[in-house]
Amino acid sequence: MLKYDLKPGDIIGFSGKGIVSDLINLGTYGIPRWSISHVAIIAEDYGRKYLFEASESDNSNGVCRYEPEDVINRYSGRVWVYPLYRHLYWYESARLICDLMRVVNRPYDSKGAIKSAGFFYPAIRSLFHGPDFVKLFCSELVASKFSEIGIYPTTNASRWNPNNYIRRLRQNGIVCKPKRLK
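Going letter by letter, the sequence shown gives residues 1264 to 1445 in the numbering used here.
Structure representation (structure tokens):
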């Protein structure tokens, strides 16, 4: 049982203990084993909360829906919740769950995740290439859904990596100071 009551629109940030997480942090100007290397989003369906993430693992290869406690408890590393600055209105929450359910089972975009690393390359690339939602990586999933429901519009969700997206949301007051879950 989680000590924190997750709300629709909250972002879950993960920082793993493995080499992949370390490389993601180094490529996205984060601190290995401390900064965010993966993000997921919370949505609610008929009073039940779910965690949606785009990942590549032994269990899944793409966008999946899980019970939040299951993912958080089995994760090897640190986990934070970045609470949304306000509760979603009912219509925003309904649109979020509908939009997320529409992309469940969409394949993981490992090339897109790699291309989102750094700062200048993704920004310049986004000027010439639009978003590509045939496949999704974690921060692209969250950024596209926040944009679709109007919480934080972005012209190209494919340019965001976990660290720079969370930093930007914090700078703009979209999400609050993180609370450690694990």
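The C-beta atom is built at its ideal place from N, Cα and C for all residues, glycine as well.
Asked, Found
"Proximal residues to residue 1396 (C-beta, below 7 angstroms), its chain only, five neighbours per side dropped", "1407"
"Strand pairing of residue 1347, partner residues [DSSP]", "1438"
"Paired residues, beta bridge with residue 1326 - DSSP", "1317"
"Spatial distance of residue 1345 from residue 1323 (CA atoms)", "24 angstroms"
"First through last residue of the alpha helix (DSSP H) which encompasses residue 1402", "1401-1411"
"Alpha carbon of residue 1351 to alpha carbon of residue 1378, nearest angstrom", "31 angstroms"
"Simplified DSSP assignment, three categories, for residue 1340", "strand"
"Beta-carbon gap between residue 1319 and residue 1265 smaller than 7 angstroms", "no"
"Residue 1279 - partner residues in DSSP beta bridges", "1340"
"Backbone secondary structure at residue 1397 - three-state DSSP", "coil"
"Closest Cα partner of residue 1307 within the set 1376, 1287 and 1361", "1361"
"Euclidean distance between Cα positions of residue 1435 and residue 1418", "16 angstroms"
"Distance CB(residue 1341)-CB(residue 1298) smaller than 7 angstroms", "no"
"Of the listed residues 1405, 1334 and 1437, nearest to residue 1445 (C-alpha basis)", "1334"
"Nearest-angstrom beta carbon gap, residue 1326 and residue 1432 [assumed within contact, 8 angstroms]", "Wrong, their Cβ atoms sit about 20 angstroms apart, outside the cutoff."
"Local conformation of residue 1268 per DSSP, three classes", "coil"
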